[in-house]
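A.B. asks: From first to last, the protein sequence lines stand for chains A and B.
Here the numbering used here runs 46 ahead of the position in the first sequence, where the first position is 1.
Here the numbering used here runs 2 ahead of the position in the second sequence, where the first position is 1.
From the three backbone atoms N, C-alpha and C, an ideal C-beta is built for every residue, glycine too.
Below is one structure. I have some questions about it.
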Amino acid sequence: MLSTKQLILILQGLPQTLAISIFSFLLGLAIGLPFAFIRAYMSKPYQIIVDAYEKVFRGIPELVLIFFIYLGVGLELGFTPFKNPIIAATFALGIRSGANQSQIFRGAIRGIGEDQMAAARALGLSRLKAIFYVMAPQTFIIASPSLGSEYALLIKDSSYAFIIGVLEIMRQADRVRAVTLDMVTPTLVATFLYILLTFPIATYLDMWGSRKKKQLGL
Amino acid sequence: MTQTVMECANLWKIYGKIVAVKDVSLEIKEGDIKLIFGPSGSGKSTLAGCLAMLTTPTKGSVFLREECLTEPGVDLNKARARIGFVFQHIWLFHHLTARGNIELGLRRVMKSPKKEARERAMQALREVKMEKWAGHYPAQMSGGQQQRVGIARALAMDPEIIILDEPTSALDPELTGEVIDALRDLAKKGTTMLVISHEMPFAREVADEMIFLDEGMIVERGPPDLFFTNPSSERARKFMARLIKRTRRE
Chain A
47 MLSTKQLILI
57 LQGLPQTLAI
67 SIFSFLLGLA
77 IGLPFAFIRA
87 YMSKPYQIIV
97 DAYEKVFRGI
107 PELVLIFFIY
117 LGVGLELGFT
127 PFKNPIIAAT
137 FALGIRSGAN
147 QSQIFRGAIR
157 GIGEDQMAAA
167 RALGLSRLKA
177 IFYVMAPQTF
187 IIASPSLGSE
197 YALLIKDSSY
207 AFIIGVLEIM
217 RQADRVRAVT
227 LDMVTPTLVA
237 TFLYILLTFP
247 IATYLDMWGS
257 RKKKQLGL
Chain B
3 MTQTVMECAN
13 LWKIYGKIVA
23 VKDVSLEIKE
33 GDIKLIFGPS
43 GSGKSTLAGC
53 LAMLTTPTKG
63 SVFLREECLT
73 EPGVDLNKAR
83 ARIGFVFQHI
93 WLFHHLTARG
103 NIELGLRRVM
113 KSPKKEARER
123 AMQALREVKM
133 EKWAGHYPAQ
143 MSGGQQQRVG
153 IARALAMDPE
163 IIILDEPTSA
173 LDPELTGEVI
183 DALRDLAKKG
193 TTMLVISHEM
203 PFAREVADEM
213 IFLDEGMIVE
223 RGPPDLFFTN
233 PSSERARKFM
243 ARLIKRTRRE
């Protein structure tokens, strides 16, 4: 069994895991939402750029991306922010999440259909205002279950940051393993923590989204 | 002299090889109620969409008062805010309550302060007898109630003209009455309206002019009495006979 001290050591990875997941999710949102609307409403060249972005970043293994950003752009090319492994990992996960979220939101926009846009334009709203006040809120409701899964994915994938030395949950668990030579318990503790972080939020968003969709007839 | 609110001249809308609207000219004066009818696929909805500049006409011009909307560089958002539009399939915003649906245009287009927008929205809901439903979402209302909110949404913007594209045709027959009643109230208040509808008793009661559209063209136009007694074109005669028969059956 682990001592309390060792348990606390693993728990000390929590802030790093959370920071990487939350900020990469927000970065993904900042990329994905506008990209989805660009893909839906702007001309062909812009659509191609979004498509290419999605294909490239969904196609690269996460680990390769993290190595490239941290070792390549950060250490080798000397881009200072990426010399910090937490920032490098957050960025790498965030740009991949942007590709995922772009696809999630695009599906939601398609689900809403053109009529809502037409009704908004008929009132005299500009396209941008129509997106902001009519399309985006509905997009969020429709996409909420998928956004929950995306968040869970980021919590899990934040464990890749272990490779570049971030002291997140996985790394801490490994350190405890190295000291105690217990191959099972530290990993089980980490497993438990990951489930605790992913399950409630993903489930809540799924339930909230389904209820809201039903209520609004979306 | 009454002023012309809306006018279109030699309007064409062509989709690829299909001519949806063919050389249509009409003029709507203040307080006018024009009723457009005709078989499905005759270009009624396309014409309505072109007049509200929701679709760009291929050729011809649309005027709102003195302003030509088909000229490049016109602020169409501003123009659309002055034209009320009620859709066949209603299209309320799903995520907003009845009141929220109405407030959106007032707040974000007319830039009304929150309190004023709320009061105006409630007033518009009262006009269609939907004030009790202000806090309900569209999915919680019947089709007829939704369409009344749709009318209130257009009304609240104080448009210079309201264009209604078959406001009752997507509704169950037992729900059309309440919508027609709301339109009748608008007519009594002297609202300038262009209505696409096949509700013949309503047409006879309120319309100043009926316009029969077929294959994108105005085939015949005149006061309702002309159509109900002796339309001069063969096509209008046949179509009227069918409509009247259907109305009797209902």
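How about the segment 159–171 of chain B and the segment 128–138 of chain B: do they share at least three Cβ pairs that are nearer than 8 Å?
C.D. replies: no
A.B. asks: Considering just the uninterrupted stretch of the beta strand (DSSP E) at Arg223(B), what are its terminal residues?
C.D. replies: One-based indexing of the second sequence puts residue 223(B) at position 221. First-last of the beta strand (DSSP E) with Arg223(B): Met219 to Gly224.
A.B. asks: Indicate whether Ile112(A) and Ala236(A) have their beta-carbon atoms separated by less than 8 Å.
C.D. replies: Indexing the first sequence from 1 puts residue 112(A) at position 66. Indexing the first sequence from 1 puts residue 236(A) at position 190. Not closer than 8 Å, so no.
A.B. asks: At least one CB of chain B closer than 8 Å to the CB of Arg257(A): is that the case?
C.D. replies: Translated into positions along the first sequence, residue 257(A) becomes position 211. No, its Cβ sits nowhere closer than 8 Å to a Cβ of chain B.
A.B. asks: With DSSP collapsed to three states, give me the class of Val111(B).
C.D. replies: Mapped onto the second sequence, residue 111(B) falls at position 109. If DSSP states are grouped into helix, strand and coil, Val111(B) belongs with coil.
A.B. asks: Indicate whether at least one CB of chain A lies closer than 8 Å to the CB of Val111(B).
C.D. replies: Working through the second sequence from its first residue, we reach residue 111(B) at position 109. It does; some Cβ of chain A falls within 8 Å.
A.B. asks: Strictly under 8 Å for the Cβ-Cβ distance: is Leu166(B) near chain A by that measure?
C.D. replies: As a position in the second sequence, residue 166(B) is number 164, starting the count at 1. No, Leu166(B) lies away from the interface with chain A (no Cβ there is under 8 Å from its Cβ).
A.B. asks: May I have the straight-line CA-CA distance separating Met181(A) from Lys258(A), to the nearest angstrom?
C.D. replies: In the first sequence, counting from the first residue as 1, residue 181(A) sits at position 135. In the first sequence, counting from the first residue as 1, residue 258(A) sits at position 212. Their Cα atoms are separated by approximately 15 Å.
A.B. asks: Is it right to say Met242(B) is buried, meaning 16 or more other beta carbons lie within 10 angstroms of its own, or is it exposed?
C.D. replies: Position 240 of the second sequence holds residue 242(B). By the neighbour-count rule (16 or more Cβ atoms within 10 Å), Met242(B) is buried.
A.B. asks: Per DSSP, what kind of secondary structure is Lys129(A) in: helix, strand or coil?
C.D. replies: The sequence position of residue 129(A) within the first sequence is 83, counting from 1. Note: Lys129(A) maps to helix in three-state DSSP.
A.B. asks: Using 10 angstroms around the beta-carbon of Phe238(A), count the other beta-carbons present and answer buried if the total reaches 16, otherwise exposed.
C.D. replies: Locating residue 238(A) in the first sequence gives position 192, counting from the first residue. Label assigned to Phe238(A): exposed.
A.B. asks: Does the beta carbon of Arg82(B) come closer than 8 Å to any beta carbon on chain A?
C.D. replies: Here residue 82(B) refers to the residue found at position 80 of the second sequence. It does: the Cβ of Arg82(B) has a partner Cβ on chain A nearer than 8 Å.
A.B. asks: Residues in the segment 84–105 of chain B with C-beta within 7 Å of chain A's C-beta atoms, listed in sequence order?
C.D. replies: For the segment 84–105 of chain B, which is checked against every Cβ of chain A, the residues closer than 7 Å are Phe87, Phe89, His91, Trp93, Phe95, His96 and His97.
A.B. asks: Can you grab the Cα-Cα spacing for the pair Leu13(B) / Leu108(B), in whole Å?
C.D. replies: For the purposes of this step, residue 13(B) is identified with residue 11 of the second sequence, where counting begins at 1. For the purposes of this step, residue 108(B) is identified with residue 106 of the second sequence, where counting begins at 1. Rounded to whole angstroms, Leu13(B) to Leu108(B) spans 31 Å at the Cα level.
A.B. asks: Put Asn103(B) into one of helix, strand or coil per three-state DSSP.
C.D. replies: Your numbering for residue 103(B) matches position 101 in the second sequence. Asn103(B): helix per DSSP, three-state reduction.
A.B. asks: Just verifying my parser: in three-state terms, what is the DSSP assignment at Asp25(B)?
C.D. replies: Translated into the one-based positions of the second sequence, residue 25(B) becomes position 23. Here Asp25(B) sits in strand by DSSP.
A.B. asks: Run through chain A and tell me which residues come within less than 9 Å of Met159(B), C-beta to C-beta.
C.D. replies: Here the question's residue 159(B) lines up with position 157 in the second sequence. In chain order: Leu169 and Gly170.
A.B. asks: Taking the beta strand (DSSP E) that Lys61(B) falls in, what are its first and last residues?
C.D. replies: Taking the first residue of the second sequence as position 1, residue 61(B) is located at position 59. Lys61 to Leu66 is the extent of the beta strand (DSSP E) around Lys61(B).
A.B. asks: Provide the residue(s) that pair with Thr6(B) in DSSP beta bridges, ordered along the chain.
C.D. replies: As a working mapping, residue 6(B) is identified with position 4 in the second sequence. Under the DSSP definition of a beta bridge, Thr6(B) partners with Lys31(B).
A.B. asks: Using a beta-carbon distance cut-off of less than 7 Å, what residues from the segment 176–197 of chain A approach chain B?
C.D. replies: Tyr179, Val180, Pro183, Gln184 and Ile187
A.B. asks: Going by C-alpha to C-alpha distance, which of Glu68(B), Met8(B), Ile20(B) and Cys70(B) sits closest to Ala50(B)?
C.D. replies: Position 48 of the second sequence, counting from 1, holds the residue named residue 50(B). Measuring from the Cα of Ala50(B), the nearest candidate turns out to be Met8(B).
A.B. asks: What do you reckon, are the CB atoms on Thr194(B) and Glu32(B) nearer than 8 Å?
C.D. replies: Within the second sequence, residue 194(B) is the residue found at index 192, counting from 1. Within the second sequence, residue 32(B) is the residue found at index 30, counting from 1. Yes, Cβ-Cβ distance for Thr194(B) and Glu32(B) is below 8 Å.
A.B. asks: Mind the definition here: the segment 154–165 of chain A touches the segment 225–232 of chain A only if three or more C-beta pairs lie below 8 Å; say whether that holds.
C.D. replies: no
A.B. asks: Write down the C-beta distance between Ala65(A) and Ile132(A) rounded to the nearest angstrom, noting that I regard them as a contact closer than 8 Å.
C.D. replies: Looking up residue 65(A) in the first sequence gives position 19. Looking up residue 132(A) in the first sequence gives position 86. With a contact defined as Cβ atoms closer than 8 Å, Ala65(A) and Ile132(A) qualify at about 7 Å.
A.B. asks: Check each residue of the segment 118–133 of chain A: if its Cβ is closer than 8 Å to any Cβ of chain B, include it; give the result in chain order.
C.D. replies: Those residues of the segment 118–133 of chain A that come within reach of chain B (Cβ to Cβ, closer than 8 Å) do not exist; the list is empty.
A.B. asks: My output table needs one value for Gly75(B): the three-state DSSP class, helix, strand or coil.
C.D. replies: As a position in the second sequence, residue 75(B) is number 73, starting the count at 1. Here Gly75(B) sits in coil by DSSP.
A.B. asks: Which runs of the alpha helix (DSSP H) spanning at least 4 residues fall entirely within the segment 142–226 of chain B, listed in chain order?
C.D. replies: 145–157, 175–190 and 202–208
A.B. asks: I'd like the list of long-range same chain contacts for Lys129(A), defined as Cβ closer than 7 Å, with 5 residues on each side in sequence excluded.
C.D. replies: The count along the first sequence starts at 1 and reaches residue 129(A) at position 83. Counting only residues of its own chain and dropping the five nearest sequence neighbours on each side, Lys129(A) has a CB closer than 7 Å to the CB of Gly120 and Leu121.
A.B. asks: Hey, does Thr111(A) have any beta-carbon neighbour from chain B nearer than 8 Å?
C.D. replies: Working through the first sequence from its first residue, we reach residue 111(A) at position 65. The amino acid occupying residue 111(A) in the given sequence is Leu; Thr does not appear at that position. False, the Cβ-Cβ gap to chain B never drops below 8 Å.
A.B. asks: With a cut-off of 8 Å on the beta carbons, I'd call Ser143(A) and Glu196(A) a contact; round off their distance for me.
C.D. replies: Translated into the one-based positions of the first sequence, residue 143(A) becomes position 97. Translated into the one-based positions of the first sequence, residue 196(A) becomes position 150. Yes, they are in contact, since the Cβ atoms of Ser143(A) and Glu196(A) sit about 6 Å apart, within 8 Å.
A.B. asks: Within the same chain, show all residues whose beta-carbon is closer than 7 Å to that of Ser190(A), passing over the 5 residues directly before and after it, in chain order.
C.D. replies: Mapped onto the first sequence, residue 190(A) falls at position 144. Hits under 7 Å: Leu251, Trp254 and Gly255.
A.B. asks: CA-CA distance, Pro232(A) and Leu200(A)?
C.D. replies: As a working mapping, residue 232(A) is identified with position 186 in the first sequence. As a working mapping, residue 200(A) is identified with position 154 in the first sequence. Looking at the two C-alpha atoms, the distance is approximately 21 Å.
A.B. asks: Is the separation between the beta-carbon of Ser42(B) and that of Ile198(B) shorter than 8 Å?
C.D. replies: The residue you call residue 42(B) lines up with position 40 of the second sequence. The residue you call residue 198(B) lines up with position 196 of the second sequence. No, the pair does not count as a contact, with Cβ atoms beyond the cut-off.
A.B. asks: State whether the segment 112–129 of chain B contacts the segment 73–82 of chain B, with contact taken as three or more CB pairs (one from each stretch) at a distance under 8 Å.
C.D. replies: no
A.B. asks: Does the beta-carbon distance from Ala168(A) to Phe95(B) come in below 8 Å?
C.D. replies: In the first sequence, the residue the question calls residue 168(A) occupies position 122. In the second sequence, the residue the question calls residue 95(B) occupies position 93. Not a contact, by the Cβ cut-off of 8 Å.
A.B. asks: Under a three-way DSSP split, which group does Ile187(A) fall into?
C.D. replies: Within the first sequence, the letter at position 141 stands for residue 187(A). It is helical.
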